[in-house]
Amino acid sequence: MTDRLGELTAAGVAVWLDDLSRVRLSSGGLDQLRREKHLVGVTTNPTIFAKALSDADEYNWQLRDHAVRGLGVEEAVRMTTTYDVRWACDVMRPAYDASDGVDGRVSIEVDPRLAHDAEKTAAEAKSLWWLVDRPNLFIKIPATEAGLPAITATLAEGISVNVTLIFGLDRYSQVMDAFLAGLEQAKANGHDLSKIASVASFFVSRVDTEVDKRLDRIAGEAADSSAKERALGLKGRAAVANARLAYERYEKVFAGDRWKALADAGAHPQRPLWASTSTKNPDYRDVIYVEELIAPGTVNTMPEAVIDAFADHGEVPGDTITGSYDEARKTLDDIIAAGVDFADVIATLEREGVEKFEVSWKELLEGVAKSLTAAAKGSGKPNQAAGANAEVAQQAGGNA
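Given below as structure tokens:
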């Protein structure tokens, strides 16, 4: 049988999973993906944790202990989510060791409510780094304006960073600049640059969703059929074009003298990571955001459904990014000419991205608060599998 994920890996794309849960850990499912489907990394976010902790049975034994100890809801959330991330880091440790620290990474995000406060974001990043206490951890920091100095400050402390919620090219350039500044400060602070890693998570499918919505509106208001056809013909093309131009900027920055000085000191480049790669429009190919974004030195973080789909029918024709830049520029120019305010698209997506994670964080806190209250009243009994889960965690090195 064709090993399509193996071919994708050989083409230079690191396969990461955009999901994590206690069920996936205790069942051995995450380790199975690592062993059988070339998985070399894991990303999480507040939405993923809100969904995972909605399964009270899997977490009840730990939440009950939190309730007995009288922990507040925010501390309980931190203790519970970092437990899962620590465990996942241990599961992915073989990939970390095999790649000399490049892959095998697991990400945990700072509280999204801090996205517009640089000092608090940097402080939270350090706290999470200490709490998880694994070398293959990534701290996720949103690429807001306040997030940029926090990225630099966190890297300067020798802490590896996954920069998330990047939608636009100009902001991506700022992220790379923040990365370089952080490594320069880390070097000045005496840190071993070879131990610091970073990825820049460039969101993909959400761009098409927002642009397509605007193109539909433009087509509906078009005065003639040709203008309508032009608008509709541009649907589903913005996201890939935008991401390809991001890779062009990546190539330029990491071929420059500023980067060379850091590379000579042992630094690893900040890899572009394609996030939000599940297809939202059923009319589009379900693996389009994998097949159309293949290039060396990239990461694609996918939900398991996309990993399975690619393993079943994905195609790896080679590098699908390099050399496509002029065509990508023309695509975005045509979209703007059709009447889409692309700058406003990017601003809207960044604002909504932070807001969505804030909502998920609130849902997570509310769910855990209910579980703690139930446990404190004696109605939340420990799951019968608690002992088994704890034993598996101990074997995996995921000690709470």
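Heads up: the sequence shown begins at 1 in the UniProt record's numbering, then just goes up one per residue. Note that CB positions come from ideal geometry on N, CA and C, so glycine has one too.
Item	Value
Pro317 to Ala369 span [Cα, whole Å]	49 Å
Where Asn281 falls: helix, strand or coil (DSSP)	coil
Backbone secondary structure at Ile159 - three-state DSSP	coil
DSSP bridge partner residues for Ile218 (one or two, in chain order)	Its beta-bridge partners do not exist; DSSP assigns none.
Element boundaries [alpha helix (DSSP H), containing Leu183]	169-188
Three-state secondary structure (DSSP) of Pro135	coil
For Gly318, the three-state DSSP class (helix, strand or coil)	coil
Under the three-state DSSP convention, the category Ala396 falls into	Only weak support exists for where Ala396 lies, its pLDDT of 37 falling under 50; the value from the coordinates is given anyway. Ala396: helix per DSSP, three-state reduction.
Burial state of Pro282, where buried means 16 or more other Cβ atoms lie within 10 Å	exposed
Beta-ladder partner(s) of Gly41, from DSSP	Trp16, Arg105
Whole-number beta carbon distance between Arg93 and Gly104, since they are thought to touch under 8 Å	6 Å
Between the CA atoms of Ala275 and Thr80 - distance to the nearest angstrom	25 Å
Beta carbon of Ala178 nearer than 7 Å to that of Thr152	yes
7 Å Cβ cutoff met for Tyr247 and Ala295	yes
DSSP beta-bridge partners of Met302	Leu17
Beta-bridge pairing of Lys140 - partner residues as DSSP gives them	Glu109, Asn162
For Ala243 and Val204, believed in contact at Cβ under 8 Å, the rounded distance	5 Å
Closest residue to Leu39 among Ala123, Asp18, Ser160 (Cα-Cα distance)	Asp18
Range covered by the alpha helix (DSSP H) that runs through Pro94	93-98
Buried or exposed by the 16-neighbour rule on C-beta atoms within 10 Å, applied to Asn189	exposed
Nearest to Arg78 (by Cα), restricted to the options Gln185, Val306, Ile108	Ile108
Validate contact between the region 307-317 and the region 205-217 using beta carbons, cut 8 Å, 3 pairs	no
Status (buried if at least 16 other CB within 10 Å, exposed otherwise) for Val15	buried
Glu184 to Ile141 span [Cα, whole Å]	19 Å
Candidates Leu193, Ala328, Ile336, of which the one nearest His268 by Cα	Leu193
Simplified DSSP assignment, three categories, for Ser379	Low confidence applies here, because Ser379 scores a pLDDT of 47, under 50, leaving its location unreliable and the question unanswered by this model.
Host alpha helix (DSSP H) of Leu269 (start-end)	In the sequence as presented, Leu is not what sits at residue 269; that position holds Pro. That residue, Pro269, is in no alpha helix (DSSP H); it is neither H nor E in DSSP.
Contact check, Ser278 vs Val306, beta carbons under 7 Å	yes
N- and C-terminal bounds of the beta strand (DSSP E) containing Ala200	198-203
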